[in-house]
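Before any comments, here is the structure.
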Amino acid sequence: MTAREAGQWIGDAIPGGAVAAALGVGTVGVTIAGVQPVLFGALLTAGRISIAQIGHAATVELLALGIGVILGGSLFEHRPVRHTAIGAAMLLGIGNLATLAASGEGVTLARLATGIAGGVLIWIATAVVVRSPRPTFLSAAFLLSQALVQCAVASSIAFLAPGAPNGVPFAIAGLAVLAAVVTPALPVRFAALPKEPTASGLPPMRGWGVLGAILLLQAAIVGAWVYMEPMAREAGLAPTQVAFSTPAANAAQIAGGLGAILLATRLPWFIGLTCATLGLVGVLFGLSTLPHGGWFVATEMAFGALWTFTSPFLTPFAIDNDPTRHTAEFGPSAMLVGSGLGPLVASALTSEEHPAEVLRLSTLLAVTALALILTLFATRRRSTTQPRGLRDDA
1 MTAREAGQWI GDAIPGGAVA AALGVGTVGV TIAGVQPVLF GALLTAGRIS
51 IAQIGHAATV ELLALGIGVI LGGSLFEHRP VRHTAIGAAM LLGIGNLATL
101 AASGEGVTLA RLATGIAGGV LIWIATAVVV RSPRPTFLSA AFLLSQALVQ
151 CAVASSIAFL APGAPNGVPF AIAGLAVLAA VVTPALPVRF AALPKEPTAS
201 GLPPMRGWGV LGAILLLQAA IVGAWVYMEP MAREAGLAPT QVAFSTPAAN
251 AAQIAGGLGA ILLATRLPWF IGLTCATLGL VGVLFGLSTL PHGGWFVATE
301 MAFGALWTFT SPFLTPFAID NDPTRHTAEF GPSAMLVGSG LGPLVASALT
351 SEEHPAEVLR LSTLLAVTAL ALILTLFATR RRSTTQPRGL RDDA
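In structure tokens:
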């Protein structure tokens, strides 16, 4: 029986304070993912970036987050965690300060630096989660902390400096300082993860189908998300409504995450994931009609709630189609690639005059993801044996 199956930490037990610190620095690293519409919408209004460059900068930053996670696991796993965290926090702060004076593709370069730094901080949180005896619980806690901080940042900017192009960089630079301050509470080092005794770590054919569905779904979500503020303006929302639309969606993400945590262990993954994806298709199509005023804000809030509601069902979806769990291990990578490709494809198809074209593209991507989910479910062959510990992780 492995340490994980026995309900033990992999390596020495990590104290609660160190766990909280790790989740905290990881939350700082991923905060930008929830407030990109605020940042890029304000930069667009200030004339410092074009609508096509929104796609460039958003794509580069999200892909850089993924690269940072990979770099953390490959380069820093056996190095002192606190030194790594301080270096990443410093780079995150410098990148955000550089954004204050950047314009055009200079914004893209600055966001590249912040993405790599943020990815390393995310890796620190992930490293604690995967070594814990209750990874599902810590994953849920990490998800909620992200939604809470993103909502707090977006709301603070909406109240104190609505439309200010430097609001988000200042806020995340401040959070980077806080991340550096809490680094003494982090674990000193991480224990090495156990090796799987398999010939190949690659997913089977069905696993690649799962990863394709996850990638398409995430591309649909993030491709629409980064353009929400320009689309809100095209829908005719007043400046105050535009300023509060993203914080409202962030608050809805918290509600969606809480709902998923309550239902994830009670609702079969197929029902939860299919219903949420169907809801996303309907919401994206509804947003593409650019409803006016409060209807746009309400629909964007539904989008935010459904976004976080889908996340807990992706792991059992992957495990059901590949009980070896190799596909589940690749799931976060598929999400990051989809998060980067969505804005990139959207930037190639949208225009300054009609940013709502992004929503029609996202609707198509979500429909394709749903088709893959349904196909995999209809063609599945239920295994007579399941890996031990499936119930805890699903």
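Residue numbering for the sequence shown is 1 to 394, as defined by my numbering. Glycine included, every Cβ here is placed at the ideal spot set by N, Cα and C. All of these numbers come straight from a predicted model, not from anything done at the bench.
- For residue 247, the closest C-alpha among the options 304, 124 and 359 is that of 304.
- The residues 185, in chain order, have a CB closer than 6 Å to that of residue 17 in the same chain once the five nearest residues on each side in sequence are set aside.
- Contact annotation, residue 253 with residue 308: C-beta distance approximately 5 Å; criterion of less than 8 Å satisfied.
- By the C-beta density criterion, residue 177 is exposed, having fewer than 16 other C-beta atoms within 10 angstroms.
- With the rule of 3 Cβ pairs closer than 8 Å, the stretch 332-350 does not count as touching the stretch 261-271.
- Residue 69 and residue 108 do not touch by the CB rule: their CB atoms are close to 20 Å apart, not below 8 Å.
- DSSP places residue 105 in the helix class (H, G or I) of the three-state scheme.
- Three or more beta-carbon pairs separated by less than 8 Å link the stretch 106-121 to the stretch 71-83, which places the two stretches in contact.
- DSSP places residue 312 in the uninterrupted alpha helix (DSSP H) bounded by 294-321.
- Ranking 289, 272, 300 and 337 by CA distance to the CA of residue 311 puts 272 first.
- 244 is the residue among 244, 375, 270 and 282 whose C-alpha sits nearest the C-alpha of residue 42.
- Secondary structure of residue 229 (DSSP, three-state): helix.
- Here residue 337 carries a helix assignment [DSSP, helix/strand/coil].
- Separation of residue 49 and residue 112 (C-alpha to C-alpha, rounded to the nearest whole angstrom) is 15 Å.
- In chain order, 86 and 89 place their CB closer than 6 Å to the CB of residue 180, counting only its own chain and leaving out the 5 sequence neighbours on each side.
- With a cutoff of 8 Å on beta-carbon distance, residue 361 and residue 212 are scored as not near each other.
- Within the same chain, 35, 38 and 39 come within 6 Å of residue 168 by CB-CB distance, once the 5 residues on both sides are set aside.
- For the 8 Å CB-CB criterion, residue 370 and residue 210 do not form a contact.
- Judged by DSSP secondary structure, residue 248 falls within the alpha helix (DSSP H) whose first and last residues are 239-263.
- When DSSP states are grouped into helix, strand and coil, residue 9 belongs to the coil group.
- Going by C-alpha positions, residue 139 is about 7 Å away from residue 129.
- At a Cβ-Cβ threshold of 8 Å, residue 124 and residue 28 do not count as neighbours.
- Annotation: the continuous alpha helix (DSSP H) that includes residue 95 extends over 81-99.
- Ranking 356, 206 and 163 by CA distance to the CA of residue 225 puts 356 first.
- DSSP, read as helix, strand or coil, puts residue 344 in helix.
- Cβ neighbours of residue 285 within its own chain (closer than 6 Å, five residues either side excluded): 363.
- Residue 187 sits in coil when the DSSP states are folded into three classes, being neither helix nor strand.
- Shortest Cα-Cα distance from residue 94 to any of 149, 171, 52 and 159 involves 171.
- Counted as a single uninterrupted DSSP element, the alpha helix (DSSP H) harbouring residue 378 occupies residues 357-378.
- Assignment of residue 76 by DSSP, reduced to helix, strand and coil, places it in the coil class.
- Shortest Cα-Cα distance from residue 22 to any of 294, 380, 142 and 299 involves 142.
- For the set 65, 250 and 44, the Cα lying nearest the Cα of residue 154 is the one of 250.
- The distance from the Cβ of residue 262 to that of residue 173 is about 35 Å, inconsistent with a contact at the 8 Å cut-off.
- Distance from the CA of residue 67 to the CA of residue 92, rounded to the nearest whole angstrom, comes to 14 Å.
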